[in-house]
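In what follows, a structure is listed as structure tokens, so that the remarks can point back to it.
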Amino acid sequence: MYVIIVGASKIGYNLAKALIAESHEVLLIERNRSKYNVLAKELAEAVFHGDGCEVDCLKRVGASRADLLIAVTGRDDENLVSCQLAKLLFCVPKTLAVINDPQNEELFKSLGVDLTINTTAHISTLIGHKLNIDILMPLLTFKNLEIVQAEIYESSPAVNRQVKDLGLPTNSLLIAAIRDGEALLLKGDSVIMAQDTVIALTRRESEAELRKIL
Amino acid sequence: MKAVVLGCGRVGSMLANLLSEKNWEVAVVDANPDSFTGLAEAFTGHQVTGPITDEEALREAGLDSADLVIVLTSDDIANLMAAQLVRQRFGKEKVLVRVRDPIKAGAYRDLGLQTICPSEIELSMILKELGIKPGQS
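As you go down the protein sequences, you meet chains A and B in turn. Quick note, this note's numbering runs 2 ahead of the 1-based positions in the first sequence. Quick note, this note's numbering runs 94 ahead of the 1-based positions in the second sequence.
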């Protein structure tokens with residue numbers, strides 16, 4: 003596979019190394035000259051000095067034969083434009099953008115970016131998990147409706163209570179619990195237990211209320 | 095009529111002043127508060143300090159009720175994202191966006207954005223002076 007990576011951030015650099023190790027053809031585009039010089043010593047022809055938002059640069063790296071373009075700069079707008087130009091002008095079949103500001107995720111999808119990775123949201127969720135802070139991790143988003151995942155800790159007010167007694171917001175629904183590796187569908191009389199992973203469907207405005215209950 | 099101007103540089107501030115003079119309701123958004131010094135004393139509109147690609151800053155500028163949005167920072171990439179955000183999230187049809195790179199201006203025009211490309215305009219003025227029609231060899 004030929005993969006173009008825009009931005010030699012920590013993610014970009016490590017991703018390039020991992021893909022090269024997997025025998026993929028990789029080209030890492032970096033705009034900053036001194037950063038490029040350092041990387042070129044290690045990655046040789048796999049690094050290209052240029053701007054991934056410039057059509058000329060994408061042309062020179064042979065974007066039209068790329069299977070995948072991954073944009074991982076620190077600026078969301080640059081990641082968006084790189085992906086869009088790759089799709090529009092070079093017919094790259096798949097584009098992926100890293101998103102720094104979580105509110106851009108849905109927008110980027112609606113503007114034609116195939117895959118998005120919301121690093122900020124993921125990292126805050128991971129930190130939350132480490133610190134036992136309850137954060138709802140969004141799994142899927144449709145307009146203002148979300149499917150979220152929540153870890154149930156011992157300290158959760160929902161532990162050992164039936165779903166119907168939790169006082170869920172009207173716009174939220176608990177769908178399933180993953181318990182000991184098994185998925186169970188939740189009904190009104192199902193009991194929530196500590197260490198459950200609960201999957202819920204909720205409108206975004208009810209998210210805060212749902213978080214308190216779980 | 096209400097206009098929101100994103101980017102308060104030379105053209106942005108001139109436009110905002112002009113529209114305000116014509117009794118339009120005007121809001122300007124710019125990440126740099128120093129840029130608002132270009133606004134006239136008579137300017138009565140709203141000033142919002144914030145990135146033009148930030149939905150909250152745009153909402154604060156009253157974008158929901160805008161009839162016209164003009165995107166005029168010197169940063170093509172930010173302009174392109176802001177213009178698409180305005181169309182997609184706020185459902186605005188009338189969005190004019192400055193894109194300095196003629197190639198990008200053309201590509202996004204094909205996507206339906208109303209792009210204004212200063213280099214295309216300069217070039218056509220020069221060609222007109224020279225009596226050459228574009229595309230003529």
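Note that CB positions come from ideal geometry on N, CA and C, so glycine has one too.
With 7 angstroms as the threshold, decide whether the Cβ of residue i is near any Cβ in chain A.
{"i": "residue 147 of chain B", "result": "yes"}
{"i": "residue 208 of chain B", "result": "no"}
{"i": "residue 201 of chain B", "result": "yes"}
{"i": "residue 141 of chain B", "result": "no"}
{"i": "residue 177 of chain B", "result": "no"}
{"i": "residue 174 of chain B", "result": "yes"}
{"i": "residue 197 of chain B", "result": "yes"}
{"i": "residue 215 of chain B", "result": "no"}
{"i": "residue 164 of chain B", "result": "no"}
Chain B beta carbons: is any one of them nearer than 7 angstroms to that of residue i?
{"i": "residue 83 of chain A", "result": "yes"}
{"i": "residue 197 of chain A", "result": "no"}
{"i": "residue 2 of chain A", "result": "Residue 2 of chain A lies beyond the residue range present for chain A, which begins at 3 and ends at 216; the question has no answer from this structure."}
{"i": "residue 115 of chain A", "result": "no"}
{"i": "residue 79 of chain A", "result": "yes"}
{"i": "residue 57 of chain A", "result": "yes"}
{"i": "residue 21 of chain A", "result": "no"}
{"i": "residue 147 of chain A", "result": "no"}
Here's the rule I'm using: 16 or more other beta-carbon atoms within 10 Å means buried, otherwise exposed. How should residue i be labelled?
{"i": "residue 2 of chain A", "result": "Missing from the structure shown is residue 2 of chain A; chain A here goes from 3 to 216 and no further."}
{"i": "residue 195 of chain B", "result": "buried"}
{"i": "residue 145 of chain B", "result": "buried"}
{"i": "residue 197 of chain A", "result": "exposed"}
{"i": "residue 3 of chain A", "result": "exposed"}
{"i": "residue 145 of chain A", "result": "exposed"}
{"i": "residue 154 of chain A", "result": "buried"}
{"i": "residue 125 of chain A", "result": "exposed"}
{"i": "residue 62 of chain A", "result": "exposed"}
{"i": "residue 157 of chain A", "result": "exposed"}
For the beta strand (DSSP E) containing residue i, list its first residue and its last residue.
{"i": "residue 32 of chain A", "result": "27–32"}
{"i": "residue 205 of chain A", "result": "199–205"}
{"i": "residue 192 of chain B", "result": "189–192"}
{"i": "residue 96 of chain B", "result": "96–100"}
{"i": "residue 265 of chain B", "result": "Any property of residue 265 of chain B remains undetermined from this structure, which presents chain B solely from 95 to 231."}
{"i": "residue 49 of chain A", "result": "49–51"}
{"i": "residue 73 of chain A", "result": "70–73"}
Taking the alpha helix (DSSP H) that residue i falls in, what are its first and last residues?
{"i": "residue 215 of chain A", "result": "209–215"}
{"i": "residue 128 of chain B", "result": "Counting along the chain, residue 128 of chain B falls outside any alpha helix (DSSP H), and DSSP gives it neither H nor E."}
{"i": "residue 105 of chain B", "result": "104–115"}
Note down, in chain order, every chain E residue with its Cβ under 8 angstroms from the Cβ of residue i.
{"i": "residue 112 of chain A", "result": "Looking at the structure shown, chain E is missing, and the protein chains on hand are A and B."}
- Which runs of the alpha helix (DSSP H) spanning at least 4 residues fall entirely within the stretch 133–169 of chain B, listed in chain order? 149–154
- Run through the stretch 144–192 of chain A for me and flag every whole beta strand (DSSP E) of 3 or more residues, listed as ranges in chain order. 147–153, 174–181, 184–187
- Item | Unbroken stretches of the beta strand (DSSP E), 3 residues or longer, contained in the stretch 78–133 of chain A | 96–101, 117–120
- Query: So does the stretch 100–113 of chain B actually touch the stretch 164–176 of chain B, counting three or more Cβ pairs closer than 8 angstroms?
  - Reply: Output reads yes: the stretch 164–176 of chain B touches the stretch 100–113 of chain B.
- Decide if the stretch 64–71 of chain A is in contact with the stretch 3–23 of chain A; the criterion is three or more beta carbon pairs, one per stretch, under 8 angstroms apart. yes
- Would you call the stretch 122–131 of chain B and the stretch 181–194 of chain A in contact, with 3 or more CB pairs under 8 angstroms? no
- Message: I want to know whether the stretch 15–33 of chain A touches the stretch 41–61 of chain A - three or more CB-CB distances under 8 angstroms.
- Response: yes
- Taking three-plus beta-carbon pairs below 8 angstroms as touching, is the stretch 172–185 of chain B in contact with the stretch 151–163 of chain B? yes
- Message: Taking 8 angstroms as the cut-off, does the stretch 206–215 of chain B touch the stretch 181–192 of chain B (at least 3 CB pairs, one atom from each stretch)?
- Response: For the pair of segments examined, the stretch 181–192 of chain B was found to touch the stretch 206–215 of chain B: the number of CB pairs separated by less than 8 angstroms reaches three.
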